[in-house]
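Worksheet for the structure shown next.
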Amino acid sequence: MKHLVTVERLCLAGHSLALAFGLAGLLLVLPNPEFIASLPTVGQTAFGWSMANGGVGYILLGAVTVAIYAYRTLGIRHWLTFMLPAVILSLGSELLGTSTGFPFGAYGYLNGLGYKIAGLVPFTIPLSWFYVGLCCYVLARSGLESIGLPLWAKLVGSIALGSVLLTAWDFVLDPAMSQAPYPFWEFGEVGEFFGMPYRNVTGWLGTGAIFMFVASLFWGAKPLNLNRAQLSVPLIVYLINFAFGAIITVTELDSRYLIPTSMSIVLGVVPAIALWWMTKPAQEIEPALSGNLTREVPTVSVGVGQK
């Protein structure tokens, strides 16, 4: 298991660095073409390749990080029964959206995010729904498990709160990726909500809630029993992806976009940190688990004639 932890940490570091390099390229290098022109041919080729494939790289690294985390921490069944519904249902929602305008409004993807499935949706998009979605759901479910709510309220609340965290991330992601000087997708209509249609918000809420609901049916009602240290990876992944979109939105767009950024902080960042903090530290949960194991394992007397 130690080698998986090492690979997971390397992928998380690579994910973080890819986001940082992407920010530098979008905010510092592309607006200064004279810098690019001053590079040698090899440098220009390398920069062009990195800008064309950087989006694919950071999403793949994020997906691998969270997949290893889920396998290592939650087990293969929980990992696959979240990833498969998230990827399949989000892809279906995206294909429907880019074809008909429902449920997100009229929009289309540009270049920079990899091969497009059916010529419409980059293959990386469902992976991003998976890895950020799992982080949101695990944080929500673990946080709610730590307070004295009825079982049904914990399960329903995990889906509702997880989809809100996911949608809050979009409040900074969509402006950054569709309205900044170097967009990755574009809306076919001027939206009422800071350039986005209101349908985009409900589409994100609905899509997230649906695949989290399906995953929760497979996961069942058994508590996850994750401690604060075990939730560090989901929290870090959520925060650095928020920061990527927020920095672009705040620096590249006008002051009006401080409003959706603030909403993203209030509805996403603050609750995510609070949910992480609500879970027990490792030293508090481990003795309880070991005590349960001691009580649940029956003692067996061994003697002559026992079968």
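Here the sequence shown stands for residues 10 to 316, numbered as in the working numbering. Glycine included, C-beta positions come from ideal geometry on N, C-alpha and C. On a predicted model such as this, the values are computed, not experimentally measured, just so you know.
- In this structure, I257 lies near A189, with their beta-carbon atoms less than 8 Å apart.
- I126 carries a strand assignment under DSSP once its states are collapsed to helix, strand and coil.
- Take the alpha-carbon of P206 and the one of P243: they are about 29 Å apart.
- In the three-state reduction of the DSSP assignment, P131 falls in the strand class.
- Taking 8 Å as the cut-off, the Cβ atoms of L129 and S151 do not count as close.
- Taking 8 Å as the cut-off, the Cβ atoms of F132 and Y124 count as close.
- The C-beta distance from C20 to L70 rounds to 5 Å, short enough to meet the 8 Å contact threshold.
- When rounded, the separation of the alpha-carbon atoms in A281 and L37 is 30 Å.
- A76 and W88 have their C-alpha atoms some 7 Å from each other.
- The residues G114, P206, Y207 and N209, in chain order, have a CB closer than 8 Å to that of G200 in the same chain once the five nearest residues on each side in sequence are set aside.
- Residue burial is scored here from C-beta neighbours: P40 has fewer than 16 other C-beta atoms within 10 angstroms and is therefore classed as exposed.
- Apart from sequence neighbours up to five positions away, the residues of its chain that approach R237 with a beta-carbon distance below 8 Å are W285, W286, T288, K289, P290 and A291, ordered along the chain.
- For the 8 Å CB-CB criterion, G157 and G217 do not form a contact.
- No Cβ-Cβ contact shorter than 8 Å links M186 with R81.
- Between the alpha carbons of V259 and S271 lies a distance of about 10 Å.
- Within 10 angstroms of the beta-carbon of D263 lie fewer than 16 other beta-carbons, which makes it exposed.
- Less than 8 Å divides the Cβ of L28 from the Cβ of F253.
- Put simply, the backbone Cα of P184 is about 34 Å away from that of L83.
- Only residues of its own chain outside the window of five on either side were considered, and among them G121 and L122 have a CB closer than 6 Å to the CB of G64, listed in chain order.
- Sequence-distant partners of P269 (beyond 5 residues in either direction) whose C-beta falls short of 6 Å from its own C-beta, in its chain, are F180 and F203.
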